[in-house]
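Chemist:
Residue numbers (this note's numbering), protein chains in the order written: chain F, 1 to 397; chain V, 1001 to 1319; chain U, 2001 to 2287.
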């Protein structure tokens, strides 16, 4: 197997320049098995879907030729260290021209160091923590909105609801992304009349929230804001039900937009709030997928489950590369990198434009589950639909 | 073992090491990557060999030292502006301190209880560090980017050579005989005048030193450290399996085991990807049943016994 | 004060479940001297069995307990008889390693077969609760508590007063003597492991109702079971109740008064302290 690669490498050395290679190699190391596979698969499927769609539409125009995109996808088994090694392999052995990112901030943090080291542009749609973009790296870009702004739209909405909520509990897991969310949320709350009564960090992978929930219940808190992982949020909601914890509203950074989360909870998911930077609406037009709604339908048909913002973000990453390559009219990593930094186009994910640190700026839309359906509540332009507020008590459902 | 044989081993080890150190010149970057990881794992296995293989105290918590080494480098370089070397020394100092402080009470336990205690200690340290702000809490620390893979390769190679030479020295020294005596029959060793407490703690500390340096190198190499990657508890099992697979209590066993298993894991990860972990689990189960004494023993006895080697192993150990 | 009472109730209910969770591990460790690192993955399998019974056949998880217990019993029997028995007489940590390999294999098989999606078991009564002196007592947790304690006591009675139970205990104490009495140790070992697996299966089924299921939950169960095994000691399977309750209450109190990120630190810290001070467990005889 290695011999085969040596032969390939030698033959490619004998050829004139990289632009002579027939295909554009995109490399990605994604969590397809392991504890993060549940969300990782959105990226694996989305990347493949986008690559297929773009190739079917004629590929990428570079110079006088149209090149095909080739996706090399590796499973990092939800192991950060393996993920790092795989990105090195993708660059050095598989000769990836460009890199697509993994899911999760800590992976993006570690893997982006490889992109920076080898000066190969990486666009990732899976990590939103501030740490990723505060190192001054030039070769990493992200399509997930900033962690610190996640609760902005929700809090804006809260201030306009009646009866006005007064007290807030903030619960967050202790990993990079969730701590970033908590830091940002605290700052936002400080500027409002809302009182932050409970502010607690919990360990990732916690399964028992009975103490925290009992504490919140004893203080009759109006609003609970949670930054955590899907497993923790599922446990929290179920335990809130069994302990009769009835805030006026509760909101979570993950889970709510995903169909299988809502399926796992069944009716208990009702009235849970969350946020998403993406909804499958017809208004989000796309060059390859027509619009976001059509994308969602085709995705569901091909893969058997509904996409959410993770998948849309993944597609946006691939499209961003295509646009940048066409703008730079070359496969040279430096030129493409500069083209990415200047991108500004509309896609099914929204407006793709990166700020100076490489992060996209997208507002979050507050959403709520109502009778099993996802309803957008509050966006950058104000209220879209009415929320069910206050949330009916568990005993009355 | 006679002095002459020992000096032959040392000299050939040095020659092999020098030869291997040229790999960065001709090897592919991916191979170098793989090698760095395999070398670090081999070092971990070899240092475990000191406390687990020779002394007979199976530590399930060496990730404790690994993490301390990593955080020593990270905190040293980020919070105190140490250069890398000083950070390594800082990490080693932490490891030795912990080996003595925590080793003394824990080394009084035998067999499985010692194993559980070390396992728990590693978890305690990980949980403790994840609550420490100076260590960046559970978010971790981001280290400065270093561009030279060659540096890391040479460092890891050198570390493995150093650890192996130490083990070779132990195997032929009074200290080593004392450790083996403790492994075979601790009571008898005590009666014969071996200062078992001192020896055990020294072995634990030695093991801690090399493991910590490995951890420090790894941290700088990966450039990002958080409690779960620094105190990676899967490493504990990995280093034990590699040593046992290669041959616990031998000099070359851990190295063999580490490279063979790393190679297998890497090939699986590339070829079959989603089934890789599954196969790895099966490999472990089969290896423990058919080759419990490791490759070294296999090499020694397969030629004479042929396929009956496997039958023998099962026959001896089955119920 | 009210809050403290609620927290204590939470802790006690949690502790009861913890007792059942660790029961299988303690049995196998105490009797067979096998440290079973795949214990958690067996619990996970029990959870999936209940999940599929509930989702496809509408079998209530509590009613379906015997089925998941029986399935895990058979699986455990096969594992011990045709796998672990091969390494019993090897150095102790060979069983540690083989059970670890088994754990990895089972976990990834589960991922292949069941997928990585989260599952929950949601019978109608999941949210039901009643008030006891001001504290909300979730009904499901109370049922789980009841089942856990009952199973633990039944097992203890079985081991103490039935012929097979006594044969199991005899084998653990003196293998040779047991053989002289006509007991086939391979059968006894397989039976014991099978019972331990059945208990793990029961714990898994209960867990599916109070928490959520995915292929990777096993390792947390194994870790906590160790803590309970050490606190309660391996002498007597009844002591897991004490171990479980202590851990449950300590965890919830730590979460409230010190901080939720310190639970692991405290739990494992207690484990280390108990090991150093009283290795046979808080309730065991001194060695």
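Where is the CB? At the ideal position from N, CA and C, for every residue including glycine.
Keep in mind the model is a prediction, meaning the values are calculated, not measured.
Taking only beta carbons into account, state which residues of the segment 68-92 of chain F come closer than 7 Å to chain V, listed in chain order.
Modeler: Listed in sequence order: 74, 75, 77, 80, 81, 82, 84, 85, 88, 89, 92.
Chemist: Does the distance from the CB of residue 1231(V) to the CB of residue 1120(V) come in under 9 Å?
Modeler: Not closer than 9 Å, so no.
Chemist: Determine the direct distance from the alpha carbon of residue 313(F) to that of residue 298(F), and round the result to whole angstroms.
Modeler: Rounded to whole angstroms, residue 298(F) to residue 313(F) spans 16 Å at the Cα level.
Chemist: Can you grab the Cα-Cα spacing for the pair residue 2191(U) / residue 2203(U), in whole Å?
Modeler: Spanning the two alpha carbons is a distance of roughly 19 Å.
Chemist: Give me the residue from 101(F), 146(F), 131(F), 208(F) with the minimum Cα distance to residue 2017(U).
Modeler: Cα-wise, what sits closest to residue 2017(U) is 208(F).
Chemist: In chain V, which residues lie with their C-beta within 8 Å of the C-beta of residue 116(F)?
Modeler: The contacting residues are 1145.
Chemist: Measuring only between beta-carbons, confirm whether residue 230(F) sits less than 9 Å from chain U.
Modeler: Yes, residue 230(F) counts as interfacial toward chain U.
Chemist: Kindly indicate which residue of 2035(U), 2252(U), 2199(U) has the alpha-carbon position closest to the one of residue 2075(U).
Modeler: Among 2035(U), 2252(U), 2199(U), the Cα nearest to that of residue 2075(U) is on 2199(U).
Chemist: Exposed or buried, residue 17(F), counting other C-beta atoms within 10 Å across all chains shown (16 or more means buried)?
Modeler: Bear in mind that a pLDDT of 38 at residue 17(F), under 50, signals an unreliable position, so the number given afterwards is only what the model happens to contain. Result: exposed.
Chemist: Looking at C-alpha atoms only, which residue of 1014(V), 1004(V), 1277(V) is the closest neighbour of residue 1166(V)?
Modeler: If we check each option's Cα against that of residue 1166(V), 1014(V) comes out closest.
Chemist: Show which residues of chain F have a CB atom less than 7 Å away from the CB atom of residue 1030(V).
Modeler: Ordered by position in chain F, the residues that pass the 7 Å Cβ test against residue 1030(V) are 88, 89, 92, 93.
Chemist: At a Cβ threshold of 9 Å, is residue 1138(V) touching chain F?
Modeler: Cβ-Cβ to chain F under 9 Å: yes for residue 1138(V).
Chemist: Are three or more beta carbon pairs between the segment 1253-1260 of chain V and the segment 1234-1242 of chain V nearer than 8 Å?
Modeler: Yes: at least three Cβ pairs fall under 8 Å.
Chemist: Identify, in the order they occur along the chain, each residue of the same chain with its Cβ nearer than 8 Å to the Cβ of residue 213(F), setting aside the five sequence neighbours on each side.
Modeler: Same-chain partners within the cutoff: 236, 239, 240, 243, 245.
Chemist: Label residue 395(F) either buried or exposed according to how many other C-beta atoms from any shown protein chain fall within 10 Å of its C-beta, with 16 as the threshold for buried.
Modeler: With fewer than 16 other Cβ atoms within 10 Å, it is exposed.
Chemist: Would residue 2126(U) count as contacting chain F if we go by Cβ distances under 9 Å?
Modeler: Yes, residue 2126(U) lies at the interface with chain F (some Cβ there is under 9 Å from its Cβ).
Chemist: Measuring only the C-alpha atoms, how far is residue 2276(U) from residue 1106(V)?
Modeler: Going from the Cα of residue 2276(U) to the Cα of residue 1106(V) covers about 6 Å.
Chemist: Which ranges would you report for the alpha helix (DSSP H) in the segment 1198-1246 of chain V if only whole runs of at least 4 residues count?
Modeler: DSSP runs (the alpha helix (DSSP H)) wholly in the segment 1198-1246 of chain V: 1227-1230, 1233-1246.
Chemist: Exposed or buried, what is residue 2049(U) when buried is set at 16 or more other beta-carbons lying within 10 Å of its beta-carbon?
Modeler: So residue 2049(U) counts as buried.
Chemist: Show which residues of chain U have a CB atom less than 9 Å away from the CB atom of residue 266(F).
Modeler: Here the neighbours are 2120, 2122.
Chemist: So, for residue 2240(U): in the same chain, excluding its five sequence neighbours on each side, which residues have a beta-carbon less than 7 Å away from its beta-carbon?
Modeler: Cβ neighbours of residue 2240(U) beyond the five flanking positions: 2019, 2022, 2023, 2026, 2152, 2228, 2232.
Chemist: Applying a beta-carbon distance threshold of less than 9 Å, which residues of chain U neighbour residue 201(F)?
Modeler: Going along chain U in sequence order, the residues near residue 201(F) (Cβ under 9 Å) are 2259, 2260, 2261.
Chemist: Between the Cα of residue 1161(V) and those of 1300(V), 1286(V), 1319(V), 1040(V), spot the shortest distance and give me the residue it belongs to.
Modeler: For the residues 1300(V), 1286(V), 1319(V), 1040(V), the minimum Cα distance to residue 1161(V) belongs to 1040(V).
Chemist: Who are the neighbours of residue 33(F) on chain U, taking C-beta pairs under 8 Å?
Modeler: Per Cβ cutoff of 8 Å: 2108, 2111, 2116.
Chemist: Taking the alpha carbon of residue 357(F) as the reference point, which residue from 173(F), 138(F), 315(F) has its own alpha carbon closest?
Modeler: Closest by alpha carbon: 138(F).
Chemist: In terms of residues, what are the limits of the alpha helix (DSSP H) holding residue 418(F)?
Modeler: The structure shown does not extend to residue 418(F), since chain F is modelled only from 1 through 397, so no value can be given for it.
Chemist: Throw me the rounded Cβ distance for the residue 368(F) and residue 387(F) pair, which I believe falls under 8 Å.
Modeler: Sure, about 5 Å apart at Cβ, within 8 Å.
Chemist: Rank 84(F), 270(F), 114(F) by C-alpha distance to the C-alpha of residue 372(F) and give the top, closest one.
Modeler: Of the listed residues, the one whose Cα sits closest to residue 372(F) is 270(F).
Chemist: Compare the C-beta of residue 135(F) with all C-beta atoms of chain V and state if any pair is closer than 9 Å.
Modeler: Interface residue, yes.
Chemist: Please report how far the alpha carbon of residue 10(F) lies from the alpha carbon of residue 1308(V), in whole angstroms.
Modeler: A caution first: residue 10(F) carries a pLDDT of 43, below 50, which makes its placement in the model too unreliable to give a value.
Chemist: Can you find a CB in chain V that lies within less than 9 Å of the CB of residue 347(F)?
Modeler: It does not: the Cβ of residue 347(F) has no partner Cβ on chain V nearer than 9 Å.
Chemist: Over the uninterrupted alpha helix (DSSP H) stretch that includes residue 2038(U), give me the two end residues.
Modeler: Note, residue 2038(U): premise wrong, no alpha helix (DSSP H); not H, not E.
Chemist: With a threshold of 9 Å between beta-carbons, can residue 2140(U) be considered close to chain F, or not?
Modeler: Chain F, which has a Cβ nearer than 9 Å to the Cβ of residue 2140(U), makes this yes.
Chemist: Which residues bound the beta strand (DSSP E) around residue 1304(V)?
Modeler: Unbroken run through residue 1304(V) is the alpha helix (DSSP H), 1294-1305; no beta strand (DSSP E).
Chemist: Could you check what DSSP says for residue 1053(V) in three-state terms: helix, strand or coil?
Modeler: Of the three classes helix, strand and coil, the one that applies to residue 1053(V) here is helix, per DSSP.
Chemist: Confirm the yes/no value for this check: CB of residue 199(F), any heavy atom of the ligand FAD, distance under 8 Å.
Modeler: Among the components of this structure there are no ligands whatsoever, and the ligand FAD is therefore not found.
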